[in-house]
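Enquirer: Structure below; questions to follow.
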Amino acid sequence: MSKLTQLALAVVAAFTLAFAAPVQQAVAKDKIHHVAFHVNQKDKAVMNLALNNVQNLINYYKKKGEKIVVEVVTYGPGLHMLRADTSPVKDRIASISLTYPSVRFSACGNTHAKMAKAAGKPIKLVSEATRVPSGVVRLVELQEQGYRYIRP
């Protein structure tokens, strides 16, 4: 290989490297991270751990200038996290919803109906909660849509 060819290849390589990094950074900034959290325990510590994870994750990507969408899915005993009458974390949920509009809280409709039937009265959810037909099905759907699954 001639010295001229080597020089030409070196110049091409230098330009490629010089422009590749900014392009990769631009792509990373346009990426939207999708994360699903699963809570199925009536345990205040687990609920707070999930909310801590949500806040830490959002703050991490915010500092990097990247976007994130989070959904917290509750079912079984974990539905107490979203019950207006029994949630030990309802004030944090309200605060997180105001601070981070990209966070959604989903309540399992199957569990909700069973709890209402057992109580013999309607069970009210916190205003930030969205009722979904099934918590497990919702987690499957989110994973099929590319969400990363986290269980605190």
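End of the sequence shown sits at 144 in the numbering used here; the numbers just go up one at a time, nothing left out.
Where is the CB? At the ideal position from N, CA and C, for every residue including glycine.
Whole alpha helix (DSSP H) runs in the region 58 to 114 with 4 or more residues, listed along the chain?
Expert: Runs of the alpha helix (DSSP H) inside the region 58 to 114: 82 to 91 and 101 to 111.
Enquirer: With which residues is residue 37 paired in a DSSP beta bridge?
Expert: Along the sequence shown, one-based indexing puts residue 37 at 45. The partner list for residue 37 (beta bridge, DSSP) is empty, contrary to what the question assumes.
Enquirer: Identify, in the order they occur along the chain, each residue of the same chain with its Cβ nearer than 7 Å to the Cβ of residue 78, setting aside the five sequence neighbours on each side.
Expert: Within the sequence shown, numbered from 1, the residue matching residue 78 stands at position 86. Only 72 meet the Cβ criterion.
Enquirer: Quick one, which of 119, 113 and 69 has its alpha-carbon nearest residue 88's?
Expert: Translated into the one-based positions of the sequence shown, residue 88 becomes position 96. It is 119 whose Cα lies nearest to the Cα of residue 88.
Enquirer: Report the option in 92, 74, 69 and 37 whose CA atom is closest to the CA atom of residue 48.
Expert: Counting from 1 along the sequence shown, the entry for residue 48 is found at position 56. Residue 48 has its Cα closest to that of 92, out of 92, 74, 69 and 37.
Enquirer: So for residue 118, helix, strand or coil by DSSP?
Expert: On the sequence shown, residue 118 is found 126 positions in, with the first residue counted as 1. Here residue 118 sits in coil by DSSP.
Enquirer: Quick one: is residue 132 buried, meaning 16 or more other Cβ sit within 10 Å of its Cβ, or exposed?
Expert: Translated into the one-based positions of the sequence shown, residue 132 becomes position 140. Looking at its Cβ environment, which holds fewer than 16 other Cβ atoms inside 10 Å, residue 132 is exposed.
Enquirer: With a threshold of 8 Å, are at least 3 pairs of Cβ atoms found where one atom belongs to the region 55 to 71 and the other to the region 111 to 127?
Expert: Yes, they touch.
Enquirer: Out of curiosity, what's the CA-to-CA distance linking residue 35 and residue 41?
Expert: What you label residue 35 is simply residue 43 of the sequence shown in a count that begins at 1. What you label residue 41 is simply residue 49 of the sequence shown in a count that begins at 1. Rounded to whole angstroms, residue 35 to residue 41 spans 10 Å at the Cα level.
Enquirer: Give me the DSSP bridge partner(s) of residue 141.
Expert: Taking the first residue of the sequence shown as position 1, residue 141 is located at position 149. Residue 141 pairs with 28.
Enquirer: To the nearest angstrom, how far is it from the Cα of residue 33 to the Cα of residue 39?
Expert: As a working mapping, residue 33 is identified with position 41 in the sequence shown. As a working mapping, residue 39 is identified with position 47 in the sequence shown. The straight-line gap from Cα to Cα measures roughly 8 Å.
Enquirer: Going by DSSP in three states, residue 127 sits in which element: helix, strand or coil?
Expert: On the sequence shown, residue 127 is found 135 positions in, with the first residue counted as 1. Helix, per DSSP.
Enquirer: Can you tell me the Cα-Cα spacing of residue 61 and residue 114, whole angstroms?
Expert: Position 69 of the sequence shown, counted from the first residue, corresponds to residue 61. Position 122 of the sequence shown, counted from the first residue, corresponds to residue 114. In a straight line, the C-alpha of residue 61 is about 30 Å away from that of residue 114.
Enquirer: At the level of alpha carbons, what is the spacing between residue 75 and residue 22?
Expert: Within the sequence shown, the letter at position 83 stands for residue 75. Within the sequence shown, the letter at position 30 stands for residue 22. Those two C-alpha atoms are separated by around 36 Å.
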